[in-house]
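Residue numbering for the sequence shown follows my numbering, starting at 35 and increasing by one per position. Built from N, CA and C at the ideal position, the CB exists for glycine as well. For clarity, every value in this text was computed on a predicted model and none was experimentally measured. Take a look at the structure below.
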Amino acid sequence: MDVARLKESWSLVAAHGEQVPLYFYSTLFLAYPETRQMFPTNMAGQRDRLVTALGHIVSHVDQVDRLVEFLRQLGADHRKFAVRAEHYPAVGEALLVTLRHFLGEAWTDELAKDWSDAYGLIAQVMIEAAEKAEAVDPPWWEAEIVSHELRTFDVAVLTVRPDYLLEFTPGQSIGVSHPVVRAWRYYSPANAPRRDGTIELHVRAAPGGAVSSRLVYGCAPGDRIHLAAPVGDRLNLRLAGSGDLLILAGGTGWAPMKALLEQVAAEGSRREVAVYLGARTRLEFYDTDAIDKLASSWPWLTVTYVAGMDFRRPGEVIRPVDRALADGDWRSRHVYVCGSDEMVAHSVTALTQAGYHADQLHHEGFGEHWYGPAWRPPAAPDKSGGVR
Ligand code: HEM
Numbered sequence: 035m036d037v038a039r040l041k042e043s044w045s046l047v048a049a050h051g052e053q054v055p056l057y058f059y060s061t062l063f064l065a066y067p068e069t070r071q072m073f074p075t076n077m078a079g080q081r082d083r084l085v086t087a088l089g090h091i092v093s094h095v096d097q098v099d100r101l102v103e104f105l106r107q108l109g110a111d112h113r114k115f116a117v118r119a120e121h122y123p124a125v126g127e128a129l130l131v132t133l134r135h136f137l138g139e140a141w142t143d144e145l146a147k148d149w150s151d152a153y154g155l156i157a158q159v160m161i162e163a164a165e166k167a168e169a170v171d172p173p174w175w176e177a178e179i180v181s182h183e184l185r186t187f188d189v190a191v192l193t194v195r196p197d198y199l200l201e202f203t204p205g206q207s208i209g210v211s212h213p214v215v216r217a218w219r220y221y222s223p224a225n226a227p228r229r230d231g232t233i234e235l236h237v238r239a240a241p242g243g244a245v246s247s248r249l250v251y252g253c254a255p256g257d258r259i260h261l262a263a264p265v266g267d268r269l270n271l272r273l274a275g276s277g278d279l280l281i282l283a284g285g286t287g288w289a290p291m292k293a294l295l296e297q298v299a300a301e302g303s304r305r306e307v308a309v310y311l312g313a314r315t316r317l318e319f320y321d322t323d324a325i326d327k328l329a330s331s332w333p334w335l336t337v338t339y340v341a342g343m344d345f346r347r348p349g350e351v352i353r354p355v356d357r358a359l360a361d362g363d364w365r366s367r368h369v370y371v372c373g374s375d376e377m378v379a380h381s382v383t384a385l386t387q388a389g390y391h392a393d394q395l396h397h398e399g400f401g402e403h404w405y406g407p408a409w410r411p412p413a414a415p416d417k418s419g420g421v422r
């Protein structure tokens, strides 16, 4: 298999931009109409999630060993879209028809064979992982909303109770979907696992975000939603039991950090933890009652609120990292960062310039979300929380 040829042909196809997913989906839905219902109801104008990933991942088949864990998780996770083994040939066929269409004369029998073999390899890993997961976890969890509070004009805090236990580690994200929306977005539980299995979610209504808008404005206690298996490990707490922490959070990026704090408390902390929490204005701090309560009951915790905008200094934006670096030297600590892509990128750049090492910085990447290093999907708005 000539992997260089695969990559080169994919970059030629990808250069056609939005035409590629349009052609792919028309091909798939026409030949296999039963697959249409797996995808969001309104796909017009939405950023493609599957095709770009598919082309990229399959053309990087030479990295399959490094990506195997990621692909297993992806395969198991695809059960939440109701994807079964028999759908893989359909998607593979639509992919090849799409490639042939855009490559024109550059499409050869050898290239067709390479793409087909590479797709088969990736698909096999995903299918096997899905089969294995079938014995352990349901494809998704039904959950009831037990409380719903609109805390600011666009942020709601929900408590949900899955019908059966959904295990996760603080810092991970879980898929969340509403039955009428038929799309999934990731949110991080804002609590360490509880005895009663309930999960706290902090949701900001993203512009144009069908799932987030429904969760913020269109849900009430008693409503049912769907949750999917947890993913990601980059924000998990390392070094159990030792090591002081600096936490930088922006907007709803506070949620996984709150879960980490609960985990630290449950450890019977020997750590000092400093949290710098940002929002554009004071009015946007949506969880202050809970935060002040934590800060007053845990002596090892300090919390500094950083309102980014001040009408006395128009045009100037202060971020949590700016305040933290001005306040002290934290280089002996592990630093956890969560917020919008820009907030994370800015924080990591500032910390690196200040002499902090990459291996002491923990964040999900800028728009990388839970994906492996070889694949960068479009930015996920769900943790933006408004801090820029
Ligand atoms: C090698 C095979 C495949 C790869 C590498 C792949 C990869 C991906 C990735 C990375 C995503 C984005 C994940 C997310 O947003 O959570 C995705 C989404 C999705 N995939 Fe796959 N996939 C494959 C096969 C399939 C198959 C066979 C189907 C069945 C028709 C399928 C249906 C979907 C659906 C419905 C979505 C969500 C799309 C959306 O929300 O817009 N995938 N896939």
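Contact belief for residue i with residue j at Cβ below 8 angstroms, rounded distance in angstroms
i    : j    : result
R367 : D267 : The pair is not a contact, with the Cβ atoms about 20 angstroms apart (cut-off 8 angstroms).
K114 : P74  : About 13 angstroms separates the two Cβ atoms, so there is no contact after all.
V95  : A152 : 4 angstroms
D82  : P123 : No, D82 and P123 are not in contact; Cβ-Cβ is about 21 angstroms, not under 8 angstroms.
L282 : P213 : Not confirmed; about 36 angstroms, so no contact.
L130 : A146 : 6 angstroms
A388 : L359 : 6 angstroms
Cα-Cα separation between residue i and residue j, rounded to whole angstroms
i    : j    : result
V337 : E306 : 11 angstroms
E296 : A341 : 24 angstroms
W404 : A239 : Residue confidence is low: W404 scores 37 on pLDDT, short of 50, so the model does not pin down where it sits. Its coordinate-derived value is still stated next. So the alpha carbons of these two residues sit roughly 21 angstroms apart.
A116 : M72  : 7 angstroms
D393 : D143 : 45 angstroms
L62  : I352 : 48 angstroms
A164 : S211 : 20 angstroms
G256 : I179 : 5 angstroms
L46  : T203 : 41 angstroms
V191 : L184 : 7 angstroms
E103 : R228 : 27 angstroms
R134 : V245 : 35 angstroms
M77  : R248 : 17 angstroms
E42  : A254 : 50 angstroms
F58  : A157 : 17 angstroms
L108 : S331 : 40 angstroms
S207 : V237 : 13 angstroms
G401 : L101 : Only weak support exists for where G401 lies, its pLDDT of 41 falling under 50; the coordinates are left without a value.
Y320 : D188 : 10 angstroms
T386 : L88  : 33 angstroms
I233 : R195 : 6 angstroms
A128 : I325 : 50 angstroms
H50  : H121 : 26 angstroms
W334 : A299 : 9 angstroms
R410 : A48  : Residue confidence is low: R410 scores 40 on pLDDT, short of 50, so the model does not pin down where it sits. No coordinate-derived value is stated.
G252 : T193 : 15 angstroms
H380 : G138 : 43 angstroms
L40  : S150 : 11 angstroms
A38  : A224 : 43 angstroms
V250 : D323 : 20 angstroms
T69  : R347 : 53 angstroms
G362 : V382 : 16 angstroms
Y339 : L280 : 14 angstroms
Y220 : D230 : 22 angstroms
F136 : V92  : 17 angstroms
Q53  : G302 : 55 angstroms
G243 : V265 : 21 angstroms
Beta-carbon proximity of residue i to residue j, cut-off 8 angstroms
i    : j    : result
T132 : L317 : no
S181 : A293 : no
W175 : D197 : yes
V378 : H397 : yes
L461 : L200 : Since the first residue of the chain shown is 35 and the last is 422, residue 461 is not available in this structure.
R258 : A177 : yes
G349 : G312 : no
D148 : M35  : yes
Y390 : R365 : yes
L235 : M160 : no
V215 : L155 : no
M343 : R304 : no
H90  : W141 : no
G205 : L269 : yes
A65  : D171 : no
beta-carbon residue i near the ligand MN non-hydrogen atom, thresh 7 angstroms
i   : result
P74 : Here the bound small molecules are the ligand HEM; the ligand MN is not part of this structure.
Ordered list of beta strand (DSSP E) runs contained in the stretch 98–186, each at least 3 residues: Runs found: 175–184.
Mind listing, in chain order, the continuous beta strand (DSSP E) runs of no fewer than 3 residues lying wholly within the stretch 338–403? Whole beta strand (DSSP E) segments, 3+ residues: 368–372.
Any chance the stretch 368–381 sits against the stretch 280–293, with 3 or more Cβ pairs inside 8 angstroms? Output reads yes: the stretch 280–293 touches the stretch 368–381.
Unbroken stretches of the alpha helix (DSSP H), 4 residues or longer, contained in the stretch 235–282: Qualifying alpha helix (DSSP H) stretches, in chain order: 244–251.
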